[in-house]
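Letter by letter, the sequence shown follows residues 190 to 459 of the working numbering. First up is the structure itself, then whatever we jot down about it.
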Amino acid sequence: MNSAAASLSDVLSSSGFGAPPMVRFPRIDPRADQDEEWCELYTGGEWLRLRLHDYADIYRQRGLYEHLFADLLECTSPQRVIGLLADVMRDHDDRPTDCSAIDLGAGNGMVGEQMRAVGVRRLVGVDIIPDAADAASRDRPGLYDDYVVADLCAPSDQDRRRLEQFEPNLLVTVSALGFGDIPPQAFWNALSAISTPGWVAFNIKSSFLSGDDSTGFCRLIRALFDREVLQLQASRRYAHRRNVQGERLHYVAMVARKMADLPEDLFADL
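Set out below in C-alpha cells:
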C-alpha cells in the first residue's frame with residue numbers, strides 16, 4: 190500500500206467526522222474499467238486518494254459508503270433489486286416473511302436493510318472483509334441474525350454450518366458480482382446452500398451478460414439457466430449508478446427460482 194493510502198486508512202480508522210468529508214472526482218481515461226475508479230477526500234488539511242473498490246478503507250468511516258455511492262454517485266441498486274424481488278414474490282403469492290436469506294457481499298448492511306423493510310424474517314450476512322462486519326455492527330446493530338466473515342471460495346466446515354443452521358431459502362447479492370469482488374466459485378457455494386425450491390436475486394453489469402466477460406459469470410449464469418437449475422422469473426436493465434465522469438452505468442437485476450440442486454459437473458465444465 191502506498192503512503193497516501195496508508196495515511197488515508199489511518200485517518201478513516203481514527204476520525205470522527207461530524208459531516209461527510211469533501212469529495213472530488215478526477216477526470217480519468219474513459220476506457221478505464223469500473224474497478225479502477227477513484228476519488229479524493231479532503232481531510233487532515235490535504236487531499237487523499239481513495240480507490241472506490243477499496244471497501245475496507247471506506248467501511249472504516251461511518252456513512253462514507255452511503256455518501257460516496259448513494260448520495261454522490263446515485264446508486265439505487267439495493268432498492269431496485271429488492272423491489273423487483275418483492276414484486277415477483279407477490280406475483281407468486283410468496284411472502285418475504287417466510288424467507289431465511291443469505292446476503293452475500295453484505296457490506297455494511299444497505300441491502301440487508303432493504304430486505305428487512307420488505308419483511309424478510311431471518312437474515313445472515315456474508316462478506317470476506319472483516320471491516321464490513323464491523324461496519325454493519327456499528328451502523329446497523331441488530332440487523333443481521335448472524336454475520337459470517339469468510340471466503341466462500343473455500344468455506345470452512347464451521348462457516349458452512351453457520352449458514353446451514355438458518356435453512357436459507359433466499360440468496361441475494363447486490364453490486365458484488367464481477368470485478369473479482371465475489372468470484373463465481375463463491376456464488377456457486379452460496380447458491381448450493383439455498384434450499385430447493387428457493388429464491389435468488391442479484392444484479393450484474395450488462396456487459397457481463399453479453400459475452401464481454403472475463404469473470405466467468407456470463408458462462409455460469411447461462412449454464413444455470415440452460416440446465417434449469419435456475420428458472421428466470423424477471424429481469425430488468427436499469428441505471429445502477431453514475432461513474433466518476435457522471436455517466437450512467439447500466440446493470441441487469443434478475444430474480445430467479447432455484448428449481449434443482451446444483452449438478453456436480455456443471456461448474457467443472459465452465
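Don't be surprised by glycine CBs; every beta carbon is placed ideally from N, CA and C.
If I measure Cβ to Cβ from R254 and keep anything under 8 Å in the same chain, skipping five residues before and after, which residues do I get? Strictly speaking, residue 254 in this sequence is Tyr, with Arg absent from that position. The residues are Y244, I247, Y248, G296, N297, M299 and A324.
- Task: Using alpha carbons as the reference points, say which of P210, P372 and L262 lies closest to D340.
- Result: It is P372.
* To do: Determine the direct distance from the alpha carbon of V363 to that of Y440, and round the result to whole angstroms.
  => 10 Å
Which residues does DSSP pair with H242 in a beta bridge?
H242 pairs with nothing; no bridge assigned.
Spatial distance of R484 from P210 (CA atoms): What the structure shows of the chain is the stretch from 190 to 459, and residue 484 is not part of that stretch, so it cannot be assessed.
According to DSSP, is F355 helix, strand or coil?
In this structure, F355 counts as coil in the three-state DSSP scheme.
May I ask which residues mark the beginning and end of the beta strand (DSSP E) holding M299?
First-last for M299: M299 to V307, but that is the alpha helix (DSSP H), not the beta strand (DSSP E).
- prompt: How about L360 and L293: do their beta carbons lie closer than 9 Å?
  reply: yes
> Taking the alpha-carbon positions, what's the N358 to I383 distance?
Replying inline: Taking the straight line joining both Cα atoms gives about 5 Å.
query = Do the CB positions of A343 and R311 come within less than 9 Å of each other?
reply = A distance of 9 Å or more separates the beta carbons of A343 and R311.
| Can you name the residues that DSSP bridges to G314? | D292 and Y336
In three-state terms, what does DSSP make of G272? helix
Bounding residues of the alpha helix (DSSP H) (the contiguous stretch that carries A322):
P319 to D328
Could you tell me how far apart the beta carbons of N432 and E229 are, in whole angstroms, since I believe they sit closer than 8 Å?
With a Cβ gap of about 16 Å, N432 and E229 do not count as contacting.
H409, enclosing beta strand (DSSP E) - first and last residue
It should be pointed out that residue 409 corresponds to Leu in this sequence rather than to His. Annotation: L409 is outside any beta strand (DSSP E); the continuous alpha helix (DSSP H) that includes it extends over F406 to D415.
key: Helix, strand or coil at N392 according to DSSP, with G and I counted as helix   = Reduced to three states, the DSSP call for N392 is strand.
In whole angstroms, what is the alpha-carbon distance linking D454 and H256? 43 Å
Let me know the secondary structure DSSP gives T232 once reduced to three states.
Reduced to three states, the DSSP call for T232 is strand.
**Report entry** Exposure of R350, with buried meaning 16 or more beta-carbon neighbours within 10 Å
**Finding:** exposed
Per the DSSP calculation, K248 is bridged to which residue(s)? The sequence given here has Tyr at residue 248, not Lys. DSSP, once it has assigned bridges, lists no residue as partnering Y248.
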